[in-house]
Each structure stands twice: as C-alpha cells, then as structure tokens.
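Residue numbers (my numbering): 6 to 226.
Here is the structure we will look at.
Below, the structure is given as structure tokens:
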C-alpha cells in the first residue's frame, strides 16, 4: 500500500494537491519577486519570513499585504494594479530558478497513478505560472485536472474548486482527499465535507497546520 495511505488508514479514489508549500518549495522565488517589486516601487521590501507568512491566498493578496506591510490590509493601495503587474513580471522573469520539488513528491505521484488513484492540483497560484511549473518539474502528466486561482470566480478557502473537482471526476466527496500545507486547503475541505491531510513544513502563515484540525497531519509527503 502507498505509504501515505498506510499513515492515514484511508485510500481515496481522488487525491487533490495544493501546489506551493505542498508539492513545490517556491518560497525563494516568491521572495525575490516580492523584493524586486518593492524596489521598483521604492517601498520597504518584505523580509523572507514575512513573505513566508503572507503567501497562500494568491498573488493579488500577497501584493496587497506587501503594500500594507501587514497581513490584513485595511484599504486597497492606489499602487495595487501597478504593483501586481510588477510582481507578475518579476516572478515570470525569475523563471522558477530556485523553486524545487519537495522530497518524495514524484515517487508518491507515480505510486498513486500506478494504483489507479486519480489526481488533481488545486492551487491559488495564477494559471500563467501553474502549468509551466508542473511541466518544468515533469509532473504535469500525473494530474487529471489542474485548477488555478483564476479558474473560477472563487478560490480556496472557498470550497468551490474542490466541489468542481469531485463533480468533474464523478467521485463522491467522502472518497476524495485534499492534501495541503495551509489553512486555505484545510478550511476548503472542511467546508464541503472532504477528508483532508495537513502537511507540515509548508507555508501556513507561521502556524502549525495541526491547529487547523485536519483529519490527519503528516510531517512530509
């Protein structure tokens, strides 16, 4: 049996993965893009720790947090549109130079595929970057669906993308499994009654993923 399923004692028919902080360690490139954006706007650059705590809700929210220099911006900064364009361009130019797959990811994806388990990615990352990243690391072929932050009108922690995935694959919610490193993943799963695994070591706004009370917690995939 697949080690992950041995750990949690549950074999789903569809496994949905978050991307950043779950499959990919993308923080270094997100941080570099954030600093480049800040320098171009002549504002205070965020620290690596701040970016780690602020990622997870999509690029637009990250940019808003950097502009406000806090997790919960009170108003939309007048420079927001310019800043978002700068961030996207900086991130694109970096070309994911420092991003890497977490250990064991490809082996897990391969094992799931060989055992007939359907797989998908549900990320808040823009589609502009998601499929190229999956292709670059040679794992796009494992996924039966890829939903990004701009695929639907809602994104995690809203349950819509998870509900859409289950419906598209024709699999009951209780036979699916959401795997992610942040409250966005766990809250989306809990909102629609989908079993979920919290993975430590990612980007959960500086908090232990266990505090989100997922069905299971693992230290790594």
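Ideal Cβ positions, reconstructed from N, Cα and C, are used throughout, including at glycine.
Every unbroken alpha helix (DSSP H) within the region 153-220, with a cutoff of 4 residues, ordered by chain: 165-174 and 188-197
Check whether residue 226 and residue 110 have beta carbons under 7 Å apart: yes
Coarse secondary structure for residue 151, derived from DSSP in three states: strand
In chain order, what residues of the same chain lie with their CB nearer than 6 Å to the CB of residue 51, ignoring the 5 residues before and after it? 39 and 71
Return the Cβ separation of residue 166 and residue 157 in integer angstroms, given the expectation that the two are a contact with Cβ distance under 8 Å. 6 Å
Can you give the Cα-Cα distance for residue 209 and residue 91, rounded to whole angstroms? 25 Å
Quick one, which of 215, 214 and 177 has its alpha-carbon nearest residue 197's? 177
Taking the runs of the alpha helix (DSSP H) that are 4 residues or longer, which of them lie wholly in the region 10-55? 32-46
Spatially closest choice to residue 143 from 115, 120 and 160, by CA coordinates: 115
Shortest alpha-carbon distance to residue 65 belongs to which of 36, 189, 128 and 85? 85
Taking the Cβ atom as the reference point for each residue, do residue 205 and residue 224 lie within a distance shorter than 7 Å? yes
Nearest CA to the CA of residue 119: which residue from 182, 146 and 218? 146
Along the chain, where does the beta strand (DSSP E) that runs through residue 126 open and close? 123-127
Apply the 10 Å Cβ neighbour rule to residue 57 and answer buried if 16 or more other Cβ atoms are within range, or exposed otherwise. buried
Apart from the five residues just before and just after residue 95, which ones in its own chain have a Cβ nearer than 6 Å to its Cβ? 38, 41 and 42
Taking only three categories from DSSP, how would you classify residue 106? strand
Roughly how many angstroms separate the alpha carbons of residue 219 and residue 137, rounded to a whole number? 30 Å
Below 8 Å on the Cβ atoms is my guess for residue 4 versus residue 125; work out the distance and round it to an integer in Å. Missing from the structure shown is residue 4; the chain here goes from 6 to 226 and no further.
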